[in-house]
Amino acid sequence: MYLIDANVFIEAKNKYYNMSFCPAFWDWLLRECAGQHIFSIQGIYDELVTGNDELRTWAMNNRHFFLPVSDEDTQRNLATVAAHVAERQQNVPMAAIAMAEFLRGADTWLIAKAITTGATIVTHERLDLQCKRKFLIPNVCNHFGVRYVDTFALLQQLNASFILAA
Numbered sequence: 003m004y005l006i007d008a009n010v011f012i013e014a015k016n017k018y019y020n021m022s023f024c025p026a027f028w029d030w031l032l033r034e035c036a037g038q039h040i041f042s043i044q045g046i047y048d049e050l051v052t053g054n055d056e057l058r059t060w061a062m063n064n065r066h067f068f069l070p071v072s073d074e075d076t077q078r079n080l081a082t083v084a085a086h087v088a089e090r091q092q093n094v095p096m097a098a099i100a101m102a103e104f105l106r107g108a109d110t111w112l113i114a115k116a117i118t119t120g121a122t123i124v125t126h127e128r129l130d131l132q133c134k135r136k137f138l139i140p141n142v143c144n145h146f147g148v149r150y151v152d153t154f155a156l157l158q159q160l161n162a163s164f165i166l167a168a
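Numbering (the numbering used here), first residue to last: 3 to 168.
Written out as structure tokens, the structure reads:
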């Protein structure tokens, strides 16, 4: 199973899989969701619906795509992720607001849900263990052994194909 970060939706909509010229990408996401392969989480939904564009509409029309994070295992894993981030903030000279920003957003929940379900996170963030300005999803995933990929690796791994009809 894969869990998609907000930046994947946003970049796809704004660039290479814009809904106006590549609706196949969005249809594919829904097909893979129906097959239990791809989801996101409630916190990502909350981020997407704050906009006023077609991505907001898509998210609202496809609420089933976004998993709840209220289950006990995810809550427990959230506490573990938060404790790790707090320890890292204390022991590594991170930016003063790094922990607060990370805990305020959906990333912590995304990682907790991935730990709970054994999912791979799909994000455009890259591993950078030297980064001190913010907590990056891949850095935290690396600590917990959670797999992560970018959009293009996801498409390859699930054999996506967007072919125009003749």
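Cβ coordinates follow ideal geometry from the N, Cα and C atoms, glycine included.
Residue i - DSSP class collapsed to helix/strand/coil
i      : result
Val87  : helix
Thr52  : coil
Thr122 : strand
Val142 : helix
Gln18  : Per the sequence shown, the amino acid found at residue 18 is Tyr instead of Gln. Note: Tyr18 maps to coil in three-state DSSP.
Leu166 : coil
Val10  : helix
Leu131 : coil
Residues of its chain near residue i, where Cβ-Cβ distance is below 7 Å and the 5 sequence neighbours each way are ignored
i      : result
Glu13  : His126
Asp75  : Thr118
Glu1   : Because the chain spans 3 through 168 in this model, residue 1 falls outside it and cannot be assessed.
Arg150 : The question names Arg, yet the displayed sequence has Tyr at residue 150. Excluding residues within five positions, the ones whose Cβ falls inside 7 Å are Thr122, Ile123, Thr125, Ile139, Pro140 and Cys143.
Ala88  : Met101
CB of residue i within 8 Å of CB of residue j, strictly
i      : j      : result
Leu160 : His86  : no
Ile46  : Asp7   : yes
Asn64  : Leu32  : yes
Ala162 : Trp30  : yes
Asn141 : Leu131 : yes
Cys24  : Phe154 : no
Glu56  : Lys15  : yes
Residues near residue i by beta carbon distance below 8 Å, same chain, minus five either side
i      : result
Ala84  : Leu105 and Thr110
Met3   : Gln38, His39, Ile40, Phe41, Thr119, Gly120, Ala121 and Thr122
Val71  : Ile43, Gln44, Gly45, Gln77, Leu80, Trp111, Ala114 and Lys115
Val51  : Arg58, Ala61 and Met62
Gly107 : Gly45 and Glu49
Phe68  : Phe41, Ser42, Ile43, Gln44, Ile46, Tyr47 and Ala61
Identified DSSP bridge partners for residue i
i      : result
Leu160 : BP columns for Leu160 are empty, so no partner.
Ser42  : Phe68
Leu32  : Paired residue(s): none; Leu32 is not in a bridge.
Cut-off 6 Å between Cβ atoms - residues of its own chain near residue i, not counting five sequence neighbours on either side
i     : result
Tyr19 : Phe27
Met96 : Lys134
Inspect the CB distances between the region 109-118 and the region 143-163 and report whether three or more fall short of 8 Å. yes
Touching or not, the region 126-138 and the region 94-104, by the rule of three or more beta carbon pairs under 8 Å? yes
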